[in-house]
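Okay, structure first, notes after.
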Amino acid sequence: MTLFIAYALNIIDYLFTRHWVNLYGLSAEGNPIGRWLFENNLAGIVKIFIVGAFFVVLGYFINRYPKYRWMGFIPLVVYGLIVLYHIFIYLKINN
0 MTLFIAYALN IIDYLFTRHW VNLYGLSAEG NPIGRWLFEN NLAGIVKIFI VGAFFVVLGY
60 FINRYPKYRW MGFIPLVVYG LIVLYHIFIY LKINN
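0 is the number of the first residue of the sequence shown in numbering that gives the first Met the number 0; add one for each residue after it.
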């Protein structure tokens, strides 16, 4: 369940980032790799399929080796903080 929530947060991150790029251009993307992905129309593919495949592999690894279950919390925390950052920016801009 942890990885499913992290994947959902990944998609939310993509949607927020796409929104900012549509409004403010590529300069809104602070990550140079993300900027390159948006320039080449690969961001959606990477965020949906490649990151999704990573979560599937990580989920398999965690199920096979339960002592590494804690590893599922790393992407959850990272994407959770990124989405909170997006929400903070959204609220700051709209006030």
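Each residue gets a CB set at the ideal place from its N, CA and C atoms; glycine is no exception.
- Out of Phe37, Tyr23 and Leu2, the CA that lies nearest to the CA of Tyr13 is found in Phe37.
- It is roughly 14 Å from the alpha-carbon of Asn93 to the alpha-carbon of His18.
- Boundaries of the alpha helix (DSSP H) around Ile10: Thr1 to Tyr23.
- Here Gly58 is near Leu2, since their CB atoms are less than 8 Å apart.
- For the pair Tyr64 and Leu22, the Cα-to-Cα distance works out to about 44 Å.
- For the 8 Å CB-CB criterion, Ala5 and Leu75 form a contact.
- Collapsing the DSSP output to three states places Leu36 in a helix.
- It is roughly 28 Å from the alpha-carbon of Phe72 to the alpha-carbon of Ala27.
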